[in-house]
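**Student:** The listed protein sequences derive, respectively, from chains A and B.
Per my numbering, the first sequence starts with residue 251, numbered consecutively.
Per my numbering, the second sequence starts with residue 2, numbered consecutively.
Ideal Cβ positions, reconstructed from N, Cα and C, are used throughout, including at glycine.
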Amino acid sequence: MITRLTAQIVKEILSYLRDPKSRMVLIGPPLVQLMVFSFAVTLEVDNVRVAVLDQDGGRWSHEFVQRLDAAGFVREILYVERPDDIVELIDRRKVLAALRFPADFSRDVAAQRPAAAQVILDGRRANSSQVALGYLNQIAGDIGIALARARGTEPPEIVVRHWFNPNLIYQWFVVPSLSGTLAMLIALLVTSLSIARERELGTFDQLLVSPARPIEIIIGKTVPALVIGTVLASVMISAGVFVFSIPFTGSVALLLGGVMLFILSVVGIGLTVSSVSRTQQQAILGTFSAAVPLVLLSGFVTPVENMPGWLQIIAQANPLTHYLIIVRSSFLKGGPPADILAAAWPMAVIALVTLSAAIVIVKRNLE
Amino acid sequence: MTVPAAVEIIGVTKTFGELTAIEEMNAVIERGRLTGLVGPDGAGKTTLMRMMAALMAPSRGRIRVAGCDVVAEAAGVHQAAGYMPQRFGLYEDLSVIENLRLYASLRDIGEDGLDRTFERLLHFTRLEPFKARLAGRLSGGMKQKLGLACALMARPEVLLLDEPSVGVDPVSRRELWGMVQELSGEGMAVVWSTSYLDEAERCDSVLLLNEGKLEYAGPPRRLTARLAGRSFAVRGIEIDRRGALAETLELPDVRDGVIQGASIRAVLREGASPDALAAAVRSRGGVVETVAPRFEDAFIDLLGGGPGGRSAIAEKMDRVAASDEVAVSCRNLTKRFGSFVATDDVSFDVERGEIFGLLGPNGAGKSTTFKMLCGLLKPTSGEALVAGHDLRHAPGDAKLKLGYMAQKFSLYGLLSVRQNLEFFSGVYGLARKLRARRIDEMIETFELERYLGASPDALPLGYKQRLALACALMHRPPVLFLDEPTSGVDPITRREFWTHINAMVRRGVTVLVTTHFMDEAEYCDRVALMYRARVIALDSPDGLKAGTATPDLPEPTMEEAFISLVEAADEEARAAA
Chain A
251 MITRLTAQIV KEILSYLRDP KSRMVLIGPP LVQLMVFSFA VTLEVDNVRV
301 AVLDQDGGRW SHEFVQRLDA AGFVREILYV ERPDDIVELI DRRKVLAALR
351 FPADFSRDVA AQRPAAAQVI LDGRRANSSQ VALGYLNQIA GDIGIALARA
401 RGTEPPEIVV RHWFNPNLIY QWFVVPSLSG TLAMLIALLV TSLSIARERE
451 LGTFDQLLVS PARPIEIIIG KTVPALVIGT VLASVMISAG VFVFSIPFTG
501 SVALLLGGVM LFILSVVGIG LTVSSVSRTQ QQAILGTFSA AVPLVLLSGF
551 VTPVENMPGW LQIIAQANPL THYLIIVRSS FLKGGPPADI LAAAWPMAVI
601 ALVTLSAAIV IVKRNLE
Chain B
2 MTVPAAVEII GVTKTFGELT AIEEMNAVIE RGRLTGLVGP DGAGKTTLMR
52 MMAALMAPSR GRIRVAGCDV VAEAAGVHQA AGYMPQRFGL YEDLSVIENL
102 RLYASLRDIG EDGLDRTFER LLHFTRLEPF KARLAGRLSG GMKQKLGLAC
152 ALMARPEVLL LDEPSVGVDP VSRRELWGMV QELSGEGMAV VWSTSYLDEA
202 ERCDSVLLLN EGKLEYAGPP RRLTARLAGR SFAVRGIEID RRGALAETLE
252 LPDVRDGVIQ GASIRAVLRE GASPDALAAA VRSRGGVVET VAPRFEDAFI
302 DLLGGGPGGR SAIAEKMDRV AASDEVAVSC RNLTKRFGSF VATDDVSFDV
352 ERGEIFGLLG PNGAGKSTTF KMLCGLLKPT SGEALVAGHD LRHAPGDAKL
402 KLGYMAQKFS LYGLLSVRQN LEFFSGVYGL ARKLRARRID EMIETFELER
452 YLGASPDALP LGYKQRLALA CALMHRPPVL FLDEPTSGVD PITRREFWTH
502 INAMVRRGVT VLVTTHFMDE AEYCDRVALM YRARVIALDS PDGLKAGTAT
552 PDLPEPTMEE AFISLVEAAD EEARAAA
């Protein structure tokens, strides 16, 4: 049995790695994608143009505009004369936001009455304009504090601190998540093709008439994919630590365990897809229809907590959901063992269910 | 003014990178004749066909079809020539008549008289009753006829048919042949490419290609006539005809030899006397008779003769221990896919040390039966046993008794030849030392040394087959399952393959083989002929032939026997209905 298993594992590894081209396809693109995406997938709002219509021209509108000019997220301020210009600028996507100070703005501030300024945002870019509004509110708050100080009253100070990622560096958030997403896609692809390819070539029949049992066939295909996926994820995690200098605060051993459980459950999904596919084409289609929801329902882009209840339940069957909790926690939160364990056991269940399903389906093939 | 020849091939060479597919070929194809383009797979037949159909330009030289140059006047060639590729592009979801209509509009054939043309073609191809049937639901033979109808639509001067008989059962093959002969009788030039040598024999003229070179051009009879007085049959062999063949093939005077039922057919070297042959077979009761040479004898002779009779691999195998057990048996085996019955109540036993052949047209159920026997499919009812085990539930050691060689030589293309050998020895659980020894043996006997680092996909077909056999024999199985093991393999490699099989059978190995080559059925001890999911005849090859002999046809060939049995079964079904 050991001889048979070794032969199958060696065969599988060779078929992934013997050909220099397939070796490159397996290793190259995920690493390139990690580098590219970690810069591209950013949720920060930067390089924004803002239009200002200053009908006040007083001290406080100037103060506001100067602070705005100094803010990091603004690239350029466009001064306009008429409200119609704002419409035009927003319409043509020249600016993300426009600020209008009414004529009595500074007077109201000086008189210690509530002063109002109008903010117009481009709703077509909902996400970015939300973030920009946050920045604008912060500037308004700062002015309020400065004002209070000037009057000699101590203002109520609000200090915002983001735990675990004090400067809200988005790469700290994106890179660990990418390590899971990209390793998952590769592991899913290689395993979903593996049985389907053998079936297409006729070698699967050759395997089925040999003494190799279905469980051995599945183990023979699981081990190499597990190794490849784990190595890939580990390389990407290391890149996070050494290339992007993300502080790693958790336990390496616990994370590695999490990675392996995660890849194992993904391999199970891939092999289940493969065992029901007649051709490689079907397997690829199957992978795509599995991969998109796996990524979208994982909390990679939108938090699972924001999903409707029934989707949250489905998200629990997604190994990536749990892996993201583990990897984010290990990087930034110190990775308390209790947290890791709570996320690890659902992956073990997914792996057990999918791998058994694959074995049963291969067995059924014989019937 | 003289009409130009149908096809003129002048100094044509075609290369693909390093590979030379056609080398310096000169030939003329006449009108009103059926010309066979003959040669083993990979000889360059399809390349030549595609060049004649102006789908591919020669690297050097010129080809003129009906006076038009295939490069400069491709449009003229497309007008003059009808081309039917190996797999005609029929739309499976369209009916027969819709396919014809679509093809007519693709070829820009005017509406005028189109219906009459369709009528004529459907009548000619006898497809009228199936006009409304979806092309996907036609049998292999009917598909080919529909392809032929499409190729004939524009009334071509030259009809190019690329292996039209592949995957077509003997009955349809005969019909197709009759149609094509009728066309050439009307003055059309028909080119029929084939690797079946019995078809070549019936052509008016043949172009014999081997490894891209034209070896012979002319009437097949002239080539066959060269062999007059060199072909012999050895009849009346009482014991071990396989041993007799092996010894015969080792005689220096013998160029070629095959088994034909209970007899041996041998071809002698030019000028050799049959005395040595007679002396060699006398002890076994064999009597040598002169027989008329056939095209295949001449073909093998032209290619330098067949392989010897020794099998190094079988010599290294231990004798399979004698026992009374039946090697393979099936009882009332039935398989249904939905409402379709693929195998219907099939029963037979295969004795130890026997070659048992499963023969039948495509879709007759032989592959399904085969798969149930080796445990790849679950029977709907009945049972299939190998050495007393149902292989679906058998433990690993029962599966060790079985060697399996699939139709398409299923090897791992992503692994090298050596890695394939290592994988198969490993998956059959051979211990490390034994594994190394067996692999070395296989490399030596099958001469795989120079291909060890290559991918099996890159091997010539003959070597692919050797490697597949080596992998199937790695664990020395006493029962061997071969699913169309020689389809697409040239006659010489085929002989070599049977030399190994014969030698193994002599050591007590049991062989179950499916085939559509009638001459291969002659190697079997017994043949089960399957048709429409049932076994319609089960006998020795000679028994089958004798059973169908009539006063008109006292000595039918295997193919003739096959056709008359199938026709009889059809008749019976009609009478019952």
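Run through the DSSP bridge pairs and tell me what Glu-1/B is partnered with.
**Tutor:** Residue 1/B lies beyond the range of chain B shown here (2 to 578); nothing can be said about it.
**Student:** For Ser-411/B, decide whether its Cβ has a neighbour in chain A, counting only Cβ atoms nearer than 8 Å.
**Tutor:** yes
**Student:** Assign Met-434/A to buried or exposed, taking buried as 16 or more other Cβ atoms, counted over all protein chains shown, within 10 Å of its Cβ.
**Tutor:** buried
**Student:** Would a check of beta-carbon distances place Lys-336/B closer than 8 Å to chain A?
**Tutor:** no
**Student:** Would you list the one or two residues that DSSP bridges to Gln-368/A?
**Tutor:** Arg-350/A
**Student:** According to the neighbour-count rule (16 or more other Cβ atoms, all chains shown, within 10 Å of its Cβ), is Gly-262/B buried or exposed?
**Tutor:** buried
**Student:** The region 446–471 of chain B: which residues have C-beta closer than 8 Å to a C-beta of chain A, in chain order?
**Tutor:** none
**Student:** Rounded to a whole number of angstroms, what is the C-alpha to C-alpha distance between Leu-416/B and Pro-457/B?
**Tutor:** One C-alpha to the other measures close to 8 Å.
**Student:** Taking only runs of the beta strand (DSSP E) that begin and end inside the region 373–455 of chain B, which ones reach a length of at least 3 residues, in chain order?
**Tutor:** 382–387, 403–406
**Student:** If I follow the unbroken beta strand (DSSP E) through Cys-331/B, where does it start and stop?
**Tutor:** Element bounds for Cys-331/B: 329–338.
**Student:** Enumerated in chain order, which unbroken segments of the alpha helix (DSSP H) with a length of 4 residues or greater are wholly contained in the region 485–541 of chain B?
**Tutor:** 492–507, 519–522
**Student:** Taking the alpha carbon of Met-180/B as the reference point, which residue from Met-373/B, Leu-122/B, Leu-483/B has its own alpha carbon closest?
**Tutor:** Leu-122/B
**Student:** Taking 8 Å as the cut-off, decide whether the C-beta atoms of Gly-62/B and Val-29/B are in contact.
**Tutor:** no
**Student:** On the three-state DSSP scale, how would you describe Thr-344/B?
**Tutor:** strand
**Student:** Quick one: Cα of Arg-350/A to Cα of Arg-401/A, how far?
**Tutor:** 26 Å
**Student:** Counting C-beta neighbours from all protein chains within 10 Å, is the total for Asp-334/A 16 or more, i.e. buried, or is it exposed?
**Tutor:** exposed
**Student:** Hey, would you say Ile-356/B sits closer than 8 Å to Asp-526/B, going by beta carbons?
**Tutor:** Yes.
**Student:** Below 7 Å, is the gap between the Cβ of Leu-458/A and the nearest heavy atom of the ligand FAD?
**Tutor:** In terms of ligand content, the structure shown is empty, and the ligand FAD therefore cannot be addressed.
**Student:** Got a sec? Which residues, its chain only, sit under 7 Å from Leu-115/B by beta carbon, not counting five neighbours each side?
**Tutor:** Ala-105
**Student:** Can you give the Cα-Cα distance for Phe-482/B and Phe-425/B, rounded to whole angstroms?
**Tutor:** 16 Å
**Student:** For the region 441–458 of chain A, list every residue whose C-beta sits within 9 Å of some C-beta in chain B, in sequence order.
**Tutor:** Arg-447, Glu-448, Leu-451, Gly-452, Thr-453, Phe-454, Asp-455, Gln-456, Leu-457, Leu-458
**Student:** Are there 16 or more other CB atoms within 10 angstroms of the CB of Lys-271/A, so buried, or fewer, so exposed?
**Tutor:** Lys-271/A is exposed by the Cβ-count criterion.
**Student:** What are the uninterrupted segments assigned as beta strand (DSSP E) that are 3 or more residues long and contained completely in the region 10–49 of chain B, given in chain order?
**Tutor:** 20–30, 35–39
**Student:** My assumption, with CB atoms under 8 Å, is that Ser-348/B sits in contact with Cys-375/B. Please give the rounded CB distance.
**Tutor:** About 17 Å separates the two Cβ atoms, so there is no contact after all.
**Student:** Under a Cβ-count criterion, where at least 16 other Cβ atoms within 10 Å of its own Cβ denotes burial, should Met-2/B be classed as buried or exposed?
**Tutor:** Annotation note: pLDDT 46 at Met-2/B (below 50); position unreliable, coordinate value reported separately. Counting of Cβ neighbours within 10 angstroms places Met-2/B among the exposed residues, the total staying below 16.
**Student:** Identify whether Arg-88/B lies in helix, strand or coil by the three-state DSSP scheme.
**Tutor:** coil
**Student:** Which chain A residues sit within Cβ distance under 7 Å of Cys-331/B?
**Tutor:** Simply none; closest approach about 16 Å.
**Student:** Under a three-way DSSP split, which group does Lys-132/B fall into?
**Tutor:** coil
**Student:** Any beta carbon of chain A sitting closer than 8 Å to that of Met-2/B?
**Tutor:** Since pLDDT at Met-2/B reaches only 46, below the 50 mark, its modelled position is unreliable, and the value read off the structure follows with that caveat. No, Met-2/B does not count as interfacial toward chain A.
**Student:** Could you work out which residue in Thr-604/A, Pro-558/A, Phe-581/A is closest to Val-502/A when comparing CA atoms only?
**Tutor:** That would be Phe-581/A, whose Cα lies nearest to the Cα of Val-502/A.
**Student:** Mind checking Val-551/A: buried by the 16 CB within 10 Å criterion, or exposed?
**Tutor:** exposed
**Student:** Taking only the alpha-carbon atoms, compute the straight-line gap between Ile-240/B and Ser-264/B and give it to the nearest angstrom.
**Tutor:** 11 Å
**Student:** Indicate whether at least one CB of chain B lies closer than 8 Å to the CB of Arg-528/A.
**Tutor:** no
**Student:** Using alpha carbons as the reference points, say which of Leu-544/A, Arg-578/A, Ile-576/A lies closest to Gln-562/A.
**Tutor:** Leu-544/A
**Student:** What does a CB cutoff of less than 6 Å around Asp-257/B pick up in its chain, not counting 5 residues either side in sequence?
**Tutor:** Val-268, Ile-301, Gly-306, Gly-307
**Student:** Against chain A, which members of the region 363–376 of chain B pass a CB distance test of less than 7 Å?
**Tutor:** Cys-375, Gly-376
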